[in-house]
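Notes follow once the structure below has been shown.
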Amino acid sequence: MEDKETGRLEAFSDGVFAVAITLLVLNLHIPSASLADSDLGGQIFAQWPTFAAFVTSFVTIGIMWINHHRLFTHIKRVDTPLMLLNLLLLMMIVFVPFPTALLAEYTVQPDQHLAAFLYCGTFTVLAICFNLLWRYASYKNRLLDKKADPEAVQAITRQYRFGPLFYLVAFGLAWVYVPASIAANLLLALFFALPGRKPPRTEPGTLTEQGE
2 MEDKETGRLE AFSDGVFAVA ITLLVLNLHI PSASLADSDL GGQIFAQWPT
52 FAAFVTSFVT IGIMWINHHR LFTHIKRVDT PLMLLNLLLL MMIVFVPFPT
102 ALLAEYTVQP DQHLAAFLYC GTFTVLAICF NLLWRYASYK NRLLDKKADP
152 EAVQAITRQY RFGPLFYLVA FGLAWVYVPA SIAANLLLAL FFALPGRKPP
202 RTEPGTLTEQ GE
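Read in order, the letters of the sequence shown are residues 2 to 213 in the working numbering.
Below you can see the structure in the form of structure tokens.
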């Protein structure tokens, strides 16, 4: 298949991200109007696991959308393997509302660890999908813009390299303490919102001095 511009792939991906992030709100339930006024606050507060899961998943999907956009500022060509890897990533994005609803429902139940296990496992697989997509596109600059900044490309590669390992830590926490695993996922999302750090530039004079 001939290389193509990425416009259609990005537009399709944006639509999938938008649908997935919107579906998260369906887990929030309006308390019954038959409740006494004094019970409304209690009913809303009782949904705190749902709100916590909603915020964490919303922030994570939103930041993954930002990162997807960031990757495609460097990726300028598309081939069939890249589209398949992107579809795998989008499949996991669309799946996120399910473990989110499961976690919200079972956070205060005996099966909370299993629900958190599936929730954290989903984001671990997503981190792997991002790695596969980026490594395929960036390998020997296979699909990258010829004008792509090599330092920016290396910074993304370094940042993504440890993503699955970090999410595995949150995955492990799911078996120990569920709130900690949720917090870890939120912190990881915020970490990946930051652009990868470029290596510090070394002045030619510095290299000369070091060589003396």
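No residue lacks a Cβ here, since even glycine has one placed at the ideal position from N, Cα and C.
Check	Outcome
Those residues which DSSP pairs with Leu145 across a bridge	Ile76
Ile157, enclosing alpha helix (DSSP H) - first and last residue	Pro151 to Arg162
Continuous alpha helix (DSSP H) stretch holding Asn132: start and end	Gln113 to Ser139
Sub-9 Å separation of Leu90 and His70 beta-carbons	no
Tyr178 - DSSP class collapsed to helix/strand/coil	coil
Residue from Cys130, Pro196, Asp80 and Phe167 whose Cα sits closest to the Cα of Phe186	The displayed chain sequence assigns Asn, not Phe, to residue 186. Checked all of Cys130, Pro196, Asp80 and Phe167; the closest Cα to Asn186 is Phe167.
Residues near Leu169 by beta carbon distance below 8 Å, same chain, minus five either side	Thr125
Touching by the beta-carbon criterion (3+ pairs, under 8 Å), the region 95 to 114 and the region 40 to 60	yes
Same chain, Cβ closer than 8 Å to Pro98, neighbours up to 5 away in sequence not counted	Ala21, Leu24, Leu25, Leu27, Asn28 and Ser58
Cβ-based neighbour list, Ala128, same chain, cut-off 7 Å, excluding 5 preceding and 5 following	Gly164, Pro165 and Tyr168
Close beta carbons around Thr61, own chain, < 7 Å, minus the five adjacent residues each side	Phe124, Asn186 and Ala190
Buried or exposed by the 16-neighbour rule on C-beta atoms within 10 Å, applied to Thr74	exposed
Beta-carbon gap between Leu83 and Ala138 smaller than 9 Å	yes
Secondary structure of Thr108, DSSP reduced to three states	coil
Three-state class that DSSP yields for Ala1 in the structure shown	Residue 1 lies beyond the stretch modelled for the chain, which goes from 2 to 213, so this question has no answer here.
Nearest-angstrom Cα separation, counted from Gly16 out to Leu72	17 Å
Local conformation of Ala171 per DSSP, three classes	helix
With 16 other Cβ atoms within 10 Å as the buried cut-off, status of Val154	buried
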